[in-house]
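Structure first, then comments.
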Amino acid sequence: MLCRLEFVVLVVLLTISIVSGQGDICNPNPCLNNGRCIALNGNIDFYCVCPTDIPVGGKRCDQLLLETTTTYRPTTLVTPSPCASYPCLNNGVCTVSQFGNTYTCTCGAYFYGVRCEHQNRCSYQPELCQNGATCVPGIDGAYSCRCTSSYSGANCQQFNPPTGICSSMPCKNGATCVALNNNANYHCTCPAAYTGSTCSNPKTTCPEDYCTNNGQCTFDYTLNRLRCACPGTFSGQFCEIPIGQSNACSSFPCFNNGSCTPAGGSFLCTCKGTYLGNQCQFRYDTKPCSSSPCKNGGICTNVGSGYQCQCSPGFQGTTCEVNANVGNCYYTPCMNGGTCIASGNTFVCACPFGYSGGRCEEQTLTPNRICDRNPTLCKQGGTCISNSTHFQCVCRPGTEGEYCEKNTTISCYPTNPCFNGGT
Numbered sequence: 001m002l003c004r005l006e007f008v009v010l011v012v013l014l015t016i017s018i019v020s021g022q023g024d025i026c027n028p029n030p031c032l033n034n035g036r037c038i039a040l041n042g043n044i045d046f047y048c049v050c051p052t053d054i055p056v057g058g059k060r061c062d063q064l065l066l067e068t069t070t071t072y073r074p075t076t077l078v079t080p081s082p083c084a085s086y087p088c089l090n091n092g093v094c095t096v097s098q099f100g101n102t103y104t105c106t107c108g109a110y111f112y113g114v115r116c117e118h119q120n121r122c123s124y125q126p127e128l129c130q131n132g133a134t135c136v137p138g139i140d141g142a143y144s145c146r147c148t149s150s151y152s153g154a155n156c157q158q159f160n161p162p163t164g165i166c167s168s169m170p171c172k173n174g175a176t177c178v179a180l181n182n183n184a185n186y187h188c189t190c191p192a193a194y195t196g197s198t199c200s201n202p203k204t205t206c207p208e209d210y211c212t213n214n215g216q217c218t219f220d221y222t223l224n225r226l227r228c229a230c231p232g233t234f235s236g237q238f239c240e241i242p243i244g245q246s247n248a249c250s251s252f253p254c255f256n257n258g259s260c261t262p263a264g265g266s267f268l269c270t271c272k273g274t275y276l277g278n279q280c281q282f283r284y285d286t287k288p289c290s291s292s293p294c295k296n297g298g299i300c301t302n303v304g305s306g307y308q309c310q311c312s313p314g315f316q317g318t319t320c321e322v323n324a325n326v327g328n329c330y331y332t333p334c335m336n337g338g339t340c341i342a343s344g345n346t347f348v349c350a351c352p353f354g355y356s357g358g359r360c361e362e363q364t365l366t367p368n369r370i371c372d373r374n375p376t377l378c379k380q381g382g383t384c385i386s387n388s389t390h391f392q393c394v395c396r397p398g399t400e401g402e403y404c405e406k407n408t409t410i411s412c413y414p415t416n417p418c419f420n421g422g423t
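Each residue of the sequence shown is one higher than the last, beginning at 1 in full-length UniProt numbering.
Take a look at the structure:
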């Protein structure tokens with residue numbers, strides 16, 4: 001007779017107490033039966049990894065599992081990247097912030113905004129603002145020009161002659177005139193090579209660093225001015241132009257017999273007589289009111305070589321050209337069919353196809369290209385033909401107008417328009 005011995009493994013479940021308030025929640029170990037403790041949530045909770053060789057489970061590995069075993073694992077919540085939705089427009093590059101919950105967009109050269117949603121015309125049309133003005137981008141392709149003190153207008157294209165005590169241009173040799181004490185007197189800020197109350201006296205001693213690129217400064221008694229002796233690889237008044245580089249004065253940019261001086265890749269015009277402006281393109285009149293520049297009943301007063309307008313009520317501007325009651329679009333500043341949109345103290349022109357610029361003054365498509373770039377220019381089946389000066393729509397029978405946009409009724413009587421027996 002065979003006997004079979006059976007052994008019963010008795011698992012003793014031990015119970016220990018947890019003393020709260022200690023620095024490490026896992027010390028002493030709250031997990032029973034050799035369970036491994038893992039601290040959670042900044043040491044305010046714990047998780048027990050129960051041994052695999054003993055059928056126990058539960059929060060503290062203190063429950064006997066007879067049939068099934070439930071395994072608990074800590075859960076990690078995965079937060080999607082804020083760049084996952086591609087929030088940056090117009091090919092902007094999205095970068096996740098340091099803390100991972102926000103993003104920044106790095107925009108291309110022609111766009112700006114939090115999401116690169118605005119077009120920056122100032123970047124690809126630097127010629128919008130003239131005469132040294134600063135171009136400020138606006139919303140949806142709009143822009144404004146921040147003019148220097150001598151210019152005004154939507155694109156800073158209008159020169160404002162100096163008024164007051166500086167209107168007689170007392171400062172010489174390109175010096176800057178500053179009015180003092182409410183136009184009672186003035187001060188001239190001289191260039192480096194000149195001195196005196198009106199900057200009319202050339203210095204005979206060289207200022208420090210007057211000549212660039214190791215040029216040697218001397219006083220030329222023949223020319224009565226300072227002169228730079230340049231090394232072999234540079235030229236120009238201050239030795240600022242590398243040999244072989246184009247001279248900015250070679251295109252003769254100064255008008256009305258003005259004298260051109262290269263200046264750091266650009267040029268400086270010294271004007272003669274009654275001419276002024278950065279290219280000597282303006283002439284000032286000793287009696288500017290004779291041309292009646294003040295509009296809308298404004299009263300003109302001669303001030304030196306300039307003038308001043310005292311505007312009628314309701315008007316403002318240098319020449320009283322702006323009706324303050326109806327905004328800056330009153331005088332239809334937009335050209336070539338552009339639509340004027342008032343914006344605060346200025347305006348924006350929405351240009352038609354083929355034109356651009358602050359006032360739609362620039363023709364972007366020459367006539368001989370308009371037909372190619374806009375094949376639907378002529379309506380109702382009209383044919384577009386063009387040459388170097390204009391374009392024309394050849395309309396089908398029954399239509400007329402500049403763009404064949406109008407319908408007409410053709411009568412066969414009293415004369416038959418059809419030839420060779422046509423009906």
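Glycine included, every Cβ here is placed at the ideal spot set by N, Cα and C.
Note that this is a predicted model, so its numbers are computed, not measured.
Enclosing beta strand (DSSP E) for residue i [first to last residue]
i, result
"Asp53", "Run containing Asp53: none; DSSP gives neither H nor E here."
"Thr376", "That residue, Thr376, is in no beta strand (DSSP E); it is neither H nor E in DSSP."
"Cys300", "299-303"
"Val229", "According to the sequence as given, residue 229 is Ala; it is not Val. Its beta strand (DSSP E) spans residues 225-229."
"Asp220", "216-220"
"Ala179", "176-180"
"Asn185", "185-189"
For residue j and residue i, the rounded distance between their alpha carbons
i, j, result
"Ala133", "Cys156", "7 Å"
"Val12", "Phe46", "Caution applies to Val12, whose pLDDT of 39 falls short of 50 and renders its modelled position unreliable; the value that the coordinates give is listed next. Going from the Cα of Val12 to the Cα of Phe46 covers about 23 Å."
"Thr69", "Cys48", "Because Thr69 sits at a pLDDT of 44, beneath the cut-off of 50, its placement in the model cannot be relied upon, and the point is left open."
"Asn185", "Ala175", "16 Å"
"Asn214", "Thr222", "23 Å"
"Pro313", "Ser150", "26 Å"
"Gln158", "Cys260", "22 Å"
"Ile299", "Ser291", "12 Å"
"Cys211", "Cys217", "6 Å"
"Ala192", "Ser97", "49 Å"
"Val114", "Gly92", "10 Å"
"Leu276", "Ile139", "36 Å"
"Cys107", "Gln125", "17 Å"
"Val348", "Cys360", "10 Å"
"Lys406", "Ala350", "25 Å"
"Ser356", "Cys289", "34 Å"
"Asn160", "Pro253", "20 Å"
"Cys269", "Leu180", "26 Å"
"Lys272", "Cys311", "33 Å"
"Ser200", "Phe111", "48 Å"
"Cys129", "Met169", "26 Å"
"Glu127", "Asn101", "41 Å"
"Asn302", "Ser167", "11 Å"
"Phe267", "Pro80", "56 Å"
"His118", "Val178", "40 Å"
"Cys116", "Gly141", "12 Å"
"Phe238", "Ala84", "56 Å"
Beta-bridge partners of residue i, as assigned by DSSP
i, result
"Pro242", "Phe234"
"Val348", "Ile341"
"Gln281", "Per DSSP, none; premise fails for Gln281."
"Val114", "Its beta-bridge partners do not exist; DSSP assigns none."
"Gln158", "Ser152"
Candidates the options: closest to residue i by CA position
i, options, result
"Ile165", "Asn182, Tyr151, Thr212, Leu268", "Asn182"
"Asn41", "Leu32, Asp24, Gln380", "Asp24"
"Gln281", "Gly113, Asn257, Phe267", "Asn257"
"Tyr194", "Asp220, Asp209, Leu226", "Leu226"
"Ser386", "Val394, Gln380, Lys379", "Val394"
"Gln363", "Ile38, Gly337, Ser144, Thr383", "Gly337"
"Gly57", "Cys271, Cys31, Gly232, Phe238", "Cys31"
"Gly153", "Thr198, Gly358, Ser81, Ala84", "Gly358"
"Leu89", "Tyr307, Phe267, Ala109, Cys254", "Ala109"
"Thr104", "Gln63, Phe238, Pro82", "Pro82"
"Asn278", "Leu65, Thr148, Ile44, Glu117", "Thr148"
Sequence-distant residues of its chain with Cβ nearer than 7 Å to residue i (five each side left out)
i, result
"Asn34", "Pro51"
"Ala229", "Gly215, Gln216, Thr218"
"Cys241", "Note on identity: in this sequence residue 241 is Ile, with Cys being the wrong assignment. Excluding residues within five positions, the ones whose Cβ falls inside 7 Å are Phe234, Ser235, Asn247, Pro262."
"Ser197", "Cys188"
"Pro202", "Ala193, Tyr194, Asn224, Arg225, Leu226"
"Cys171", "Cys177, Cys188, Thr198, Cys199"
8 Å CB neighbourhood of residue i in its chain, flanking five on each side removed
i, result
"Thr408", "Gly398, Thr399, Glu400"
"Thr319", "Pro293, Cys294, Lys295, Gly298, Cys309"
"Gly382", "Cys393, Val394, Cys395, Arg396, Thr399, Tyr403, Cys404"
"Thr205", "Phe219"
"Leu65", "Pro55, Val56, Gly57"
"Gln63", "Val56, Gly57"
Same chain, Cβ closer than 6 Å to residue i, neighbours up to 5 away in sequence not counted
i, result
"residue 510", "A question about residue 510 goes unanswered here, because the residues of the chain that appear run from 1 up to 423."
"Cys122", "Cys135, Pro137, Tyr143"
"Gln380", "Thr399, Cys404"
"Thr95", "Thr104"
"Pro231", "Asn214"
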